[in-house]
Ligand SMILES: NC(=O)c1ccc[n+]([C@@H]2O[C@H](COP(=O)([O-])OP(=O)(O)OC[C@H]3O[C@@H](n4cnc5c(N)ncnc54)[C@H](O)[C@@H]3O)[C@@H](O)[C@H]2O)c1
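Numbering (this note's numbering), first residue to last: 149 to 533.
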């Protein structure tokens with residue numbers, strides 16, 4: 149049975165510790181901040197009180213699972229671990245320092261993983277003397293509830309390690325997908341147009357936030373509209389991800405952030421958590437009723453959907469991941485009602501091409517360029533599945 153070492157006892161590290169402990173692994177959870185460790189332990193106790201009350205676990209099982217986690221304030225405990233997962237602050241220099249430190253303690257066969265959302269695994273691995281044992285294992289928040297895990301081998305990662313990790317991740321009840329070490333991996337890359345195109349439609353004055361959200365929930369079946377979702381995630385997080393993906397893609401205009409969101413971020417209007425974002429959450433303020441103009445709603449839904457499909461198709465074109473993994477990532481990582489490539493087949497590959505070409509011909513912006521894979525598929529009368 150593998151022993152897991154986790155560095156960082158915040159939201160992600162604690163959740164990942166729970167995932168492994170629930171499946172019988174012994175876990176060492178390390179944090180430089182003792183308070184974070186105390187909080188992590190207390191939160192887990194509360195979680196299991198609820199799970200026992202709901203009869204998901206017996207008292208004994210809950211006790212055993214909690215005892216599987218050892219909260220440590222010294223890295224020496226990591227001499228015994230088979231896999232280390234780092235989930236500390238999103239800062240390359242700090243992560244590199246921690247990887248260097250940990251490499252001096254762990255065994256030669258210990259695998260070193262990072263849960264980073266936005267840094268390249270290659271850059272983290274480059275700090276290590278044995279970079280071939282470094283890999284990305286990207287859980288989603290909250291880790292115990294979200295099934296998806298992105299596995300990211302770097303250029304340095306030894307052959308076969310991604311498959312080994314995939315088997316381990318499956319054994320703890322998660323759905324792993326393998327993706328190349330490119331900005332945003334799968335989910336944070338492919339999901340960008342859901343936000344970006346919605347904001348663009350707003351900025352052009354085509355519709356208001358309520359109507360755009362309504363189009364995506366009513367016609368698209370998304371659980372939340374783009375503006376509700378951005379307000380929920382928080383513009384501090386969502387804007388920063390957008391900006392970092394844009395920079396990391398060498399400023400590809402497809403990923404260009406918007407001034408509307410940047411200003412919310414600068415104003416501290418982070419969304420729900422600060423009482424104001426695209427919407428005002430102050431008591432007594434009601435949202436406006438969305439437009440019921442079916443033609444308008446369809447125009448919005450179609451435009452955002454084909455932009456999302458184009459992003460997923462382009463990721464397939466560039467061999468970022470398999471078509472199955474691309475679809476799994478979006479349904480299990482961000483709860484899309486359907487995988488985008490499956491959705492493309494249903495929408496019609498030729499319709500995707502025509503809609504995007506129309507946008508491109510109208511705007512003459514690179515943002516609307518059609519992925520060559522779609523054009524080829526239309527020529528050859530193909531579908532994704
Ligand atoms: N929060 C999310 O939605 C989410 C989702 C996926 C991935 N991630 C990634 O996971 C990582 C952690 O995110 P989080 O939201 O759990 O952060 P967090 O702020 O909740 O927790 C970070 C923890 O790391 C500890 N820490 C900081 N520096 C340390 C060091 N040098 N050594 C040991 N411990 C240290 C802090 O004390 C803190 O407890 C980041 O890389 C983030 O990008 C976050």
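Cβ atoms here follow ideal geometry from the backbone N, Cα and C, with glycine treated the same way.
Assuming residue i is part of the alpha helix (DSSP H), what are its boundary residues?
i, result
"residue 210", "207 to 215"
"residue 174", "Counting along the chain, residue 174 falls outside any alpha helix (DSSP H), though it belongs to the beta strand (DSSP E) covering 174 to 178."
"residue 481", "471 to 481"
"residue 188", "182 to 201"
"residue 442", "442 to 465"
"residue 374", "374 to 381"
"residue 163", "159 to 170"
"residue 224", "Where residue 224 is concerned, there is no enclosing alpha helix (DSSP H), given that its DSSP letter is neither H nor E."
"residue 510", "497 to 511"
"residue 361", "357 to 362"
"residue 102", "The chain is shown from 149 up to 533; residue 102 falls before or after that span and cannot be answered."
"residue 404", "That residue, residue 404, is in no alpha helix (DSSP H); it is neither H nor E in DSSP."
Tell me whether residue i counts as near ligand 1, meaning its Cβ is closer than 6 Å to at least one heavy atom of that ligand.
i, result
"residue 221", "no"
"residue 159", "yes"
"residue 384", "no"
"residue 263", "yes"
"residue 329", "no"
"residue 180", "yes"
"residue 395", "no"
"residue 291", "no"
"residue 156", "yes"
"residue 482", "no"
"residue 238", "yes"
"residue 275", "no"
"residue 235", "yes"
"residue 165", "no"
"residue 339", "no"
"residue 270", "no"
"residue 224", "no"
"residue 302", "no"
"residue 463", "no"
"residue 184", "yes"
"residue 246", "yes"
Among the options, which has the Cα closest to the Cα of residue i?
i, options, result
"residue 258", "298, 187, 282 and 370", "282"
"residue 186", "219, 206, 330 and 202", "219"
"residue 444", "453, 507 and 360", "360"
"residue 418", "297, 400 and 382", "382"
"residue 517", "411, 441, 401 and 476", "401"
"residue 429", "293, 216, 210 and 379", "379"
"residue 409", "377, 274, 152 and 436", "377"
"residue 529", "356, 489 and 496", "496"
"residue 457", "420, 308, 178 and 504", "504"
"residue 463", "174, 330 and 368", "330"
"residue 244", "155, 188, 194 and 209", "155"
"residue 299", "477, 499, 486 and 524", "477"
"residue 407", "242, 342, 347 and 323", "347"
"residue 316", "306, 178, 297 and 307", "297"
"residue 266", "324, 295 and 337", "337"
"residue 450", "499, 264, 295 and 152", "499"
"residue 286", "277, 278 and 301", "301"
"residue 332", "412, 288 and 242", "288"
"residue 375", "313, 512, 355 and 391", "355"
"residue 276", "294, 250, 290 and 295", "250"
"residue 467", "341, 424, 441 and 521", "521"
Going by the DSSP bridge assignment, what does residue i pair with across the sheet?
i, result
"residue 324", "297"
"residue 219", "177"
"residue 262", "234 and 284"
"residue 332", "Residue 332 is not bridged to any residue."
"residue 419", "424"
Taking its Cβ as the centre, do 16 or more other Cβ atoms sit within 10 Å of residue i, making it buried, or is it exposed?
i, result
"residue 166", "buried"
"residue 515", "buried"
"residue 100", "As shown, the chain starts at 149 and ends at 533. That puts residue 100 outside it, with no answer to give."
"residue 327", "buried"
"residue 416", "exposed"
"residue 234", "buried"
"residue 222", "exposed"
"residue 519", "buried"
"residue 224", "exposed"
"residue 197", "exposed"
"residue 307", "exposed"
"residue 459", "buried"
"residue 319", "exposed"
"residue 399", "exposed"
Tell me which residue opens and which closes the beta strand (DSSP E) that residue i is part of.
i, result
"residue 248", "No beta strand (DSSP E) holds residue 248; the alpha helix (DSSP H) holding it covers 240 to 251."
"residue 101", "The structure shown does not extend to residue 101, since the chain is modelled only from 149 through 533, so no value can be given for it."
"residue 344", "Note, residue 344: premise wrong, no beta strand (DSSP E); alpha helix (DSSP H) at 340 to 351."
"residue 151", "151 to 155"
"residue 282", "282 to 287"
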